[in-house]
Amino acid sequence: MRQPIPLPILQSPADDQRDTSRPIMLVGFQHQGNLGLGYLTSVLRKYGYSVHVVDIEQTADEILATALELKPLLIGFSLIFQFFIERYAELLRGLRLSGIDCHFTMGGHFPSLSYQHTLELVPELDSVVRFEGEMTLVELADAISTGKDWHDIQGIAYRRDGQVMATPARALLEDLDQLPYPERNYEPEAVLGRSIMPILASRGCARTCSFCSIHTFYRAAPGRIVRTRKPAEVVREMRRLHEDRGVTIFLFQDDDFPLFGAVWRRWAREFVAELHRNDLPGKVIWKINCRADAVDRELFIAMRDAGLYLVYMGLESGSEQGLETLHKQINVEQNIRAVEILKSIGLMFEYGFMLLDPSSTFASVRENLSFLRTILADGCLPVTFCRMLPYDGTPIKDELVRTGRLRGDFCNPDYDFLDPRLHEFYEGLRTVVDVMGWVHGYQGLTTQLNWAWHEVATMQRLFPALPGMSRYENTLRGITKRSNDLLLQVVEDLSYVFSDGRENRWDPDQVQKAREGFIAELLKARDGFVYRHQTILLAALERDGFPITNQQPEPVALSA
Ligand code: B12
Ligand code: SF4
Numbered sequence: 104m105r106q107p108i109p110l111p112i113l114q115s116p117a118d119d120q121r122d123t124s125r126p127i128m129l130v131g132f133q134h135q136g137n138l139g140l141g142y143l144t145s146v147l148r149k150y151g152y153s154v155h156v157v158d159i160e161q162t163a164d165e166i167l168a169t170a171l172e173l174k175p176l177l178i179g180f181s182l183i184f185q186f187f188i189e190r191y192a193e194l195l196r197g198l199r200l201s202g203i204d205c206h207f208t209m210g211g212h213f214p215s216l217s218y219q220h221t222l223e224l225v226p227e228l229d230s231v232v233r234f235e236g237e238m239t240l241v242e243l244a245d246a247i248s249t250g251k252d253w254h255d256i257q258g259i260a261y262r263r264d265g266q267v268m269a270t271p272a273r274a275l276l277e278d279l280d281q282l283p284y285p286e287r288n289y290e291p292e293a294v295l296g297r298s299i300m301p302i303l304a305s306r307g308c309a310r311t312c313s314f315c316s317i318h319t320f321y322r323a324a325p326g327r328i329v330r331t332r333k334p335a336e337v338v339r340e341m342r343r344l345h346e347d348r349g350v351t352i353f354l355f356q357d358d359d360f361p362l363f364g365a366v367w368r369r370w371a372r373e374f375v376a377e378l379h380r381n382d383l384p385g386k387v388i389w390k391i392n393c394r395a396d397a398v399d400r401e402l403f404i405a406m407r408d409a410g411l412y413l414v415y416m417g418l419e420s421g422s423e424q425g426l427e428t429l430h431k432q433i434n435v436e437q438n439i440r441a442v443e444i445l446k447s448i449g450l451m452f453e454y455g456f457m458l459l460d461p462s463s464t465f466a467s468v469r470e471n472l473s474f475l476r477t478i479l480a481d482g483c484l485p486v487t488f489c490r491m492l493p494y495d496g497t498p499i500k501d502e503l504v505r506t507g508r509l510r511g512d513f514c515n516p517d518y519d520f521l522d523p524r525l526h527e528f529y530e531g532l533r534t535v536v537d538v539m540g541w542v543h544g545y546q547g548l549t550t551q552l553n554w555a556w557h558e559v560a561t562m563q564r565l566f567p568a569l570p571g572m573s574r575y576e577n578t579l580r581g582i583t584k585r586s587n588d589l590l591l592q593v594v595e596d597l598s599y600v601f602s603d604g605r606e607n608r609w610d611p612d613q614v615q616k617a618r619e620g621f622i623a624e625l626l627k628a629r630d631g632f633v634y635r636h637q638t639i640l641l642a643a644l645e646r647d648g649f650p651i652t653n654q655q656p657e658p659v660a661l662s663a
């Protein structure tokens with residue numbers, strides 16, 4: 104038995120009564136680094152447990168082999184994407200059938216908000232940990248390791264005599280700076296040899312978009328909804344990762360980076376000042392997620408000069424009706440203005456966009472296409488869009504239930520459009536355009552173009568000036584613009600096929616060939632450029648003395 108390191112706020116009631124002799128196994132989606140599992144691991148370790156994290160992308164046999172070898176005290180499964188529930192159910196079934204008899208628990212958004220369904224869909228689970236799981240998991244492990252009854256622990260759900268029981272929700276962590284840094288025991292991903300790590304400056308979101316479960320998640324538990332870390336603490340973590348692990352690219356995964364309103368604007372200014380005090384601008388760059396109404400020219404110039412290189416905004420719709428349905432509390436003009444400001448100060452942006460939502464009409468689809476044409480007119484970025492999906496825990500799902508329009512199941516939630524022809528339109532679109540191959544898949548054109556633009560932003564900020572860069576940018580812009588024009592035209596034409604009965608002039612093979620042509624052009628331009636400059640790129644990496652990680656600047660196919 105090891106004595107825990109005392110933590111003032113994270114005091115676990117069973118501090119002197121735990122048996123940490125058996126390890127804990129955590130299973131989750133590790134792509135891009137999983138901060139949830141990282142925090143759970145570091146807190147468990149702080150209390151003396153040894154923790155083994157396994158990627159859900161491993162085969163079931165590999166996961167089973169790890170469980171057989173470790174003989175863990177408990178296995179915690181992290182389900183952050185609702186549509187993976189069946190995959191988890193199958194995995195747990197297999198583990199039980201193979202004799203793994205330890206406690207199985209699960210956490211994440213869907214299990215927290217829909218614990219009854221989770222326990223029904225995954226009968227092998229002994230419990231569900233609801234909301235922020237750090238302290239609940241420690242208490243669960245403490246109780247199980249010492250043979251105590253765990254059913255009274257705050258923040259869990261379980262089955263008893265065929266009934267689902269839930270204990271009162273545990274309060275959200277008040278002071279995030281009391282948490283140890285998340286465990287990051289994995290090889291970071293990289294852009295051109297520059298390592299990337301996810302990081303958090305805050306948790307929670309004050310907004311109430313109807314398609315999002317985050318605000319429900321943070322409002323369903325007692326405590327302050329949005330908690331920011333101290334700027335100095337965030338920068339200290341960045342500096343440590345930079346110095347110890349050579350991390351130069353930070354992805355802030357905050358739901359809504361603290362920027363909006365006087366208090367958070369002060370927070371952002373203090374963060375910028377802290378980065379300068381630590382001499383990090385020029386050495387590290389960072390990306391944030393924010394809303395369009397938080398984009399302020401002066402503040403974003405200061406942030407750009409302190410290393411901000413990429414701004415992800417959930418623009419979501421180019422129609423006022425769509426924005427209202429999605430409860431964005433923003434208008435189209437504000438979306439366009441935010442894009443204009445970012446372009447005018449040379450900041451790259453990415454955006455989330457829903458071509459279709461439950462209020463869609465053919466007119467709103469065309470408004471959305473026109474909006475995309477406006478913001479992407481200069482070929483700055485590829486077209487991206489999806490169809491809104493009604494996740495559990497979202498107000499829009501409740502509304503669809505109320506109006507009898509919800510369809511599908513937990514893995515594939517769906518809904519009826521007000522105009523049934525829109526459903527046919529979307530199916531027609533998927534027949535003519537391989538949407539996965541064009542917009543969404545890892546090898547899709549949009550993904551590849553985004554990646555190429557991301558590399559450009561990285562080269563401009565973290566490498567010496569490269570001759571021919573503006574010519575390369577023009578080439579990329581040309582490919583992006585031509586492919587955008589084609590895709591938007593196809594979508595618009597198809598909308599008329601289904602609304603007005605016009606004849607379809609697009610053949611799927613022809614669209615596919617065009618897409619392949621754009622990808623081939625892109626690869627040639629990108630690989631040629633990187634190949635021509637690889638001596639400079641490699642010299643810069645060597646000069647900085649950082650490990651040259653998995654994505655070296657070689658003329659290989661792009662991958663995201
Ligand atoms: C980073 C991120 C990603 C990364 C994933 C990185 C990773 N490996 O974790 C990337 C970019 C790859 C990604 C992709 C997608 N994402 Co995403 N993503 C996020 C984001 C912004 C942050 C996650 C995070 O780090 N949170 C911070 C940590 C500290 O919190 P946490 O994960 O919730 O964990 C805490 C608790 O939930 C709990 N907990 C979690 N797991 C466990 C397990 C146990 C055992 C216990 C006890 C507790 C516990 O304790 C943790 C610590 O307090 C979230 C939004 C969010 N706020 O969570 C969306 C989110 C998870 N993503 C979402 C979606 C929809 C997607 C995509 C489908 C988007 C798309 N259209 O392609 C894809 C799916 C990818 C796939 N595999 O198919 C949705 C999921 C909705 C849902 N109900 O399913 C979210 C909630 C965003 C949203 N607004 O709706 N995403
Ligand atoms: S979509 Fe973004 S801004 Fe809206 S509630 Fe969710 S996290 Fe907050």
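Quick note: the sequence shown, position 142, residue 245 per the working numbering, numbers continuous.
Heads up, the beta-carbon is just placed ideally off N, CA and C, and yes, glycines get one too.
- Taking the Cα positions, Glu-237 is about 19 Å away from Asp-358.
- The secondary-structure analysis by DSSP pairs Lys-390 across a beta bridge with Leu-354 and Leu-413.
- For Ser-248, the enclosing alpha helix (DSSP H) covers residues 237-248.
- In terms of Cα proximity to Gln-424, the closest of Thr-169, Leu-275, Gly-449 and Ala-466 is Ala-466.
- With fewer than 16 other CB atoms across the displayed protein chains lying within 10 angstroms of its CB, Lys-616 is exposed.
- Around Asn-577, the same chain offers no residue with a beta carbon nearer than 8 Å, after the five sequence neighbours per side are excluded.
- CA-CA distance, Gln-120 to Tyr-218, rounds to 29 Å.
- Two segments are said to touch when three or more pairs of C-beta atoms, one from each, lie closer than 8 Å; by this definition the stretch 564-584 does not touch the stretch 595-610.
- Within the same chain, Trp-541 and Leu-548 come within 6 Å of Arg-618 by CB-CB distance, once the 5 residues on both sides are set aside.
- Leu-509 is bridged by DSSP to Tyr-518.
- Under the 10 Å beta carbon count, Glu-340 is surrounded by 16 or more other beta carbons and is classified as buried.
- A heavy atom of the ligand SF4 is found nearer than 7 Å to the CB of Ile-317.
- For Val-294, the beta-bridge partners assigned by DSSP are Arg-297.
- Under the DSSP definition of a beta bridge, Val-154 partners with Ile-127.
- Residue nearest to Tyr-150 within the set Leu-243, Arg-332 and Asp-408 is Leu-243 (criterion: CA-CA distance).
- Taking the C-beta atoms as reference points, Ile-127 is found no nearer than 8 Å to Leu-171.
- For Ser-230, no alpha helix (DSSP H) run applies; the uninterrupted beta strand (DSSP E) run containing it begins and ends at 230-232, by DSSP.
- Cβ-Cβ distances below 8 Å link Gln-133 to Leu-140, Val-156, Asp-158, Ile-159, Glu-160 and Tyr-289 in the same chain, with the five nearest sequence neighbours on each side left out; the list follows chain order.
- For Met-562, the three-state secondary structure derived from DSSP is helix.
- Thr-487 sits away from Cys-315, with the two beta carbons spaced by 8 Å or more.
- In the three-state reduction of the DSSP assignment, Gly-326 falls in the coil class.
- Assigned with DSSP and collapsed to three states, Glu-286 falls in coil, not helix or strand.
- It is roughly 14 Å from the alpha-carbon of Leu-492 to the alpha-carbon of Tyr-529.
- A distance criterion of 7 Å places the beta-carbon of Thr-311 in contact range of the ligand SF4, judged by its closest non-hydrogen atom.
- The C-alpha of Gly-210 is placed about 11 Å away from the C-alpha of Phe-184.
- Of the residues assessed, Asn-515 falls on the exposed side of the cut-off, its CB having fewer than 16 other CB atoms within 10 angstroms.
- DSSP, reduced to helix, strand and coil, places Gly-210 within a strand of the structure shown.
- The C-beta separation of Thr-561 from Ile-352 comes to about 7 Å, placing the pair in contact by the 8 Å criterion.
- Short note on Arg-490: C-beta not closer than 7 Å to any heavy atom of the ligand SF4.
- Put simply, of Gln-563, Ser-586, Lys-500 and Val-614 the residue whose alpha carbon is nearest the alpha carbon of Val-535 is Val-614.
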